[in-house]
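>
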Amino acid sequence: MNTTKIGWIGLGNMGIPMAEQLLKAGYAVTVYNRSKDKETVLKEMGALSAETPKNLVSQTEVIILMVSDDAAIEQIFNGPEGLFSVEISGKVMINMSTVSPAISKEMATLCKEKGAQYLDAPVSGSVKQAETGQLVIMVGGDESAFEPVKPILEKMGKLVVRLGDTGVGNVAKLAINSLLALYTQGLAETVVFANQQGIKTEDLLNLLNNGAIANVFTKIKGDAIIADNYKPAFALKHIVKDLNLAKAIGLNSPLAKTTLQTFEAATTRYGEEDLIAVIKQVKG
Numbered sequence: 522m523n524t525t526k527i528g529w530i531g532l533g534n535m536g537i538p539m540a541e542q543l544l545k546a547g548y549a550v551t552v553y554n555r556s557k558d559k560e561t562v563l564k565e566m567g568a569l570s571a572e573t574p575k576n577l578v579s580q581t582e583v584i585i586l587m588v589s590d591d592a593a594i595e596q597i598f599n600g601p602e603g604l605f606s607v608e609i610s611g612k613v614m615i616n617m618s619t620v621s622p623a624i625s626k627e628m629a630t631l632c633k634e635k636g637a638q639y640l641d642a643p644v645s646g647s648v649k650q651a652e653t654g655q656l657v658i659m660v661g662g663d664e665s666a667f668e669p670v671k672p673i674l675e676k677m678g679k680l681v682v683r684l685g686d687t688g689v690g691n692v693a694k695l696a697i698n699s700l701l702a703l704y705t706q707g708l709a710e711t712v713v714f715a716n717q718q719g720i721k722t723e724d725l726l727n728l729l730n731n732g733a734i735a736n737v738f739t740k741i742k743g744d745a746i747i748a749d750n751y752k753p754a755f756a757l758k759h760i761v762k763d764l765n766l767a768k769a770i771g772l773n774s775p776l777a778k779t780t781l782q783t784f785e786a787a788t789t790r791y792g793e794e795d796l797i798a799v800i801k802q803v804k805g
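The sequence shown finishes on residue 805 if you use the working numbering, and the numbering steps up by one all the way, no holes.
#1: How should residue 775 be labelled, buried or exposed, when 16 other C-beta atoms within 10 angstroms of its C-beta is the threshold for buried?
#2: Return helix, strand or coil for residue 573, following the three-state DSSP convention.
#3: Give every residue of the same chain whose Cβ lies closer than 6 Å to the Cβ of residue 599, excluding the five residues on either side of it in the sequence, and list them in chain order.
#4: Can you give me the Cβ contacts of residue 793 inside the same chain, cut-off strictly under 8 Å, excluding the 5 residues immediately before and after it?
#5: Report yes or no: do the region 522-529 and the region 548-567 share at least 3 C-beta pairs separated by less than 8 Å?
#6: Taking its Cβ as the centre, do 16 or more other Cβ atoms sit within 10 Å of residue 627, making it buried, or is it exposed?
#7: Please return the same chain residues whose Cβ sits closer than 6 Å to the Cβ of residue 621, not counting the five positions on each side in sequence.
#8: DSSP three-state call for residue 682: helix, strand or coil?
#9: In chain order, what residues of the same chain have a beta carbon less than 8 Å from the beta carbon of residue 667, not counting five sequence neighbours either side?
#10: Give me the DSSP bridge partner(s) of residue 551.
#11: Which partner residues of residue 639 appear in the DSSP bridge assignment?
#12: Give a yes or no on whether the C-beta atoms belonging to residue 680 and residue 697 are separated by under 8 Å.
#13: Sort out for me which residues DSSP pairs residue 645 with in a bridge.
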């Protein structure tokens, strides 16, 4: 039994399977989510439930956040029932969300003033990797905060790397997701072009998946295109958010500009679908 008491905030597509890994590893986990129905599966595994972030603090030592954006982070920390509304001295806050480096630096400063520590630790990988504990976790923050919690992160990831000071983990994640967006649009355009020339999607994907540029992402998203299945593993609207965050810290290349324009145009109709639904925007 691992004795560190963990609080978990945010139970979306990634949060639930990530928290499950900690429960399976024997950690005591207390969860908070605005939609309480999402807590059910974890409570059945032994997790406790907190009514508010404030209530969660007193029951835990390490608090992990996995939420959607900067606004959610602001509310969780600074809201009326937020983490900062109660004594947090000695706690470690690990923000695994994909957010801006700026919000991490702001929260890290406030945590330090209150006697707590903060790490940004976003992840690379999707639901399948979360379900199997095979995520890649990139961390920014003080080494003194990182080393004690590294074993916790290793229960969720196959690779856990501290890259440097606060916000660096966020920058690395935005760089990775920018490449993800570029590649997704490239894959969509390639399929559409091949189809226009009379090549079946199945045949093209067979060639790609057995060639020099074969990769897991092409296999998974290619299968989704073939099956016309756009159930979100990573919603298209979230890649728009990430591209805008990357743009805000300097991403301004020709490919990035074009990709952001395409995904933004797709958001109205396909924002709640998987990011590979951008192929429907490319088709016109």
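All residues carry an ideal CB built from backbone N, CA and C; glycine is no exception.
By the coordinates alone:
#1: exposed
#2: coil
#3: 605
#4: 753, 756, 757, 758
#5: yes
#6: buried
#7: 591, 766
#8: strand
#9: 640, 660, 683
#10: 528, 569
#11: 614
#12: no
#13: 657
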